[in-house]
DNA sequence: CAGTGGTCTAGACCACTTC
DNA sequence: AAGTGGTCTAGACCACTGC
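Written out as structure tokens, the structure reads:
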């Protein structure tokens, strides 16, 4: 019998460095918004050349985990920066200008996860989760009705009051109150008919076509922590996507 | 009066090299699918180090204009490669497996551009354009109804017969018959009600919600050359998007 | 002015492909 | 074995920021 070694295990130095930096991020050694050590310091710490650290950081900043600022340093990405406020929002008014959304939270309840949510968030069916309902408005008119599911453990203590006391994007809220930074998200989009609840919140008639966007968001380590189902009124705005 | 010089004109060497490579691509000096000169050769040609050429190619391959293959060379991106066949298609069956679409071309006519199309393709209103109608099916059931607009000059001679004689993605067709390679695209997505034509082609009832995707595709030099409006039946499939 | 990221070089060596 | 892309280093210098 022949033993076949998996020879595809080769991993360049800079990827190992990348993994080390990643685990520091995941462990919370460097908080969102603050600077990590300089390239020279890291090179010394890991006993490699600056170029190798640089390449590791290159990839991490391409993945939006780190942000370089020439002359200042390299910073841990955060949703609290102005230009990152609505990083995952792809909805744009047909007129073209930029969106400023206003949230109105309707409810926030503790429920048991059904199978669908549990699977999406990699929890056990029946685990305790939090369900938030909200409506987003753009210059006075409601354009999105959203349901948001969160693990009750990670977001322990989240309440309607705390949500109403917050101004700004939810992801900045998660970051500052629950030490949870969102790294990436996956969306599945469909066209559906507005049901009664959706229609009333968006001031449409029942059966109107609305854009359904189902999103799962992930923190460090590919851990899914939020699932949300949005219903957009796309009569005066659209979802924008660039393909490369 | 004071003259303000734009001092933000600094551009590193590798970007200048990048621009040179780009113009060779745009000029058709290197055709899609074939290898460009090796990094060493290019370094010699431009009198810079290999590292500088490398960084230029890094960016071009991140933008999907070039494709590196270790040990073989660097190749001009092409839509004729298997793994690029449906590079811009984001529609996925809910079941998860991969799509194999079959095209049925309904018509192909020469018309005059209205203002909307002319603007999108940066032509003059009234310019001659080609309008293609088609239906795409997935395992027998129609899931997309598309209208496609092209500049009649660039795509001179395109006919329903030539379309029917082609098997494979349209973008590979454009490449091989009209020397036009698509580099990127922008999509605007809405939920709309199916009109009579759309409903009959997709075997839905009139008024059913369908996903409207309006796409503008660009060749080298940011030149828009195709506009298409797709209507997807999203009852059993969805549009997928990843946010980073 | 010192410190940070950003560029550029030259040379050595590694991994993969092809002949 | 030769040729390609991929990695790594060490050192010099440039551009930007803030004290």
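Protein chains in written order, with the working numbering: chain G, 19 to 262; chain U, 19 to 262.
We put the beta carbon where it would ideally sit given N, CA and C, even for glycine.
These numbers were taken from a predicted model, which means no experiment stands behind them.
Candidates the options, of which the one nearest residue i by Cα
i                      : options                       : result
residue 119 of chain U : U:104, U:66, U:131 and U:113  : U:104
residue 90 of chain U  : U:69, U:60, U:55 and U:82     : U:55
residue 115 of chain U : U:254, U:260 and U:262        : U:254
residue 15 of chain U  : U:85, U:235 and U:146         : Any property of residue 15 of chain U remains undetermined from this structure, which presents chain U solely from 19 to 262.
residue 244 of chain U : U:124, U:95 and U:140         : U:140
residue 102 of chain G : G:190, G:37, G:171 and G:184  : G:190
residue 213 of chain U : U:226, U:205, U:203 and U:168 : U:226
residue 182 of chain U : U:124, U:175, U:194 and U:166 : U:124
residue 169 of chain U : U:158, U:204 and U:127        : U:127
residue 231 of chain U : U:249, U:239 and U:142        : U:249
residue 159 of chain G : G:132, G:121 and G:87         : G:121
residue 78 of chain U  : U:95, U:60, U:67 and U:195    : U:95
residue 106 of chain G : G:240, G:221 and G:203        : G:203
residue 88 of chain G  : G:131, G:239, G:53 and G:67   : G:53
residue 196 of chain U : U:174, U:179 and U:131        : U:174
Residue span of the beta strand (DSSP E) that contains residue i, given as start and end
i                      : result
residue 76 of chain U  : Where residue 76 of chain U is concerned, there is no enclosing beta strand (DSSP E), although the alpha helix (DSSP H) it sits in stretches over 68 to 80.
residue 122 of chain G : 119 to 130
residue 261 of chain U : 255 to 261
residue 109 of chain U : 109 to 111
residue 209 of chain G : 202 to 211
residue 217 of chain U : Careful: residue 217 of chain U lies outside any beta strand (DSSP E), inside the alpha helix (DSSP H) at 214 to 220.
Chain U within 8 Å of residue i, Cβ atoms only
i                      : result
residue 86 of chain G  : no
residue 47 of chain G  : no
residue 166 of chain G : no
residue 97 of chain G  : no
residue 261 of chain G : yes
residue 66 of chain G  : no
residue 224 of chain G : no
residue 207 of chain G : yes
residue 204 of chain G : yes
residue 229 of chain G : yes
residue 193 of chain G : no
residue 156 of chain G : no
Neighbour flag for residue i against chain G, beta carbons, 8 Å
i                      : result
residue 199 of chain U : no
residue 30 of chain U  : no
residue 247 of chain U : no
residue 36 of chain U  : no
residue 210 of chain U : yes
residue 132 of chain U : no
residue 182 of chain U : no
residue 71 of chain U  : no
residue 122 of chain U : no
residue 240 of chain U : no
residue 252 of chain U : yes
residue 127 of chain U : no
residue 173 of chain U : no
residue 256 of chain U : yes
Distance CB(residue i)-CB(residue j) smaller than 8 Å
i                      : j                      : result
residue 93 of chain G  : residue 51 of chain G  : yes
residue 219 of chain G : residue 153 of chain G : yes
residue 4 of chain G   : residue 210 of chain G : Outside the modelled stretch of chain G, which goes from 19 to 262, sits residue 4 of chain G, for which no answer is possible.
residue 156 of chain U : residue 110 of chain U : no
residue 164 of chain U : residue 247 of chain U : yes
residue 35 of chain U  : residue 74 of chain U  : yes
residue 262 of chain U : residue 82 of chain G  : yes
residue 100 of chain G : residue 161 of chain G : no
residue 14 of chain U  : residue 166 of chain U : Nothing can be reported for residue 14 of chain U, as the shown portion of chain U is limited to 19 through 262.
residue 64 of chain G  : residue 38 of chain G  : yes
residue 233 of chain G : residue 193 of chain G : no
residue 70 of chain U  : residue 40 of chain U  : no
residue 68 of chain G  : residue 58 of chain G  : yes
For residue j and residue i, believed in contact at Cβ under 8 Å, the rounded distance
i                      : j                      : result
residue 217 of chain U : residue 223 of chain U : 6 Å
residue 108 of chain U : residue 258 of chain U : 5 Å
residue 187 of chain U : residue 97 of chain U  : 6 Å
residue 145 of chain U : residue 136 of chain U : 6 Å
residue 207 of chain G : residue 229 of chain U : 7 Å
residue 176 of chain G : residue 147 of chain G : Not really, about 11 Å apart at Cβ, beyond 8 Å.
Distance cut-off 7 Å: residue i Cβ against heavy atoms of the ligand FAD
i                      : result
residue 121 of chain G : This structure simply doesn't include the ligand FAD, nor any ligand for that matter.
Bounding residues of the alpha helix (DSSP H) (the contiguous stretch that carries residue i)
i                      : result
residue 192 of chain G : 188 to 196
residue 90 of chain G  : Here residue 90 of chain G belongs to no alpha helix (DSSP H), and DSSP marks it neither H nor E.
residue 44 of chain G  : 31 to 44
residue 135 of chain U : 133 to 138
residue 151 of chain G : Per DSSP, residue 151 of chain G belongs to no alpha helix (DSSP H); it is in the beta strand (DSSP E), 146 to 156.
residue 104 of chain U : Neither: residue 104 of chain U is in no alpha helix (DSSP H) and is coded neither H nor E.
residue 64 of chain U  : 57 to 64
residue 180 of chain G : 178 to 182
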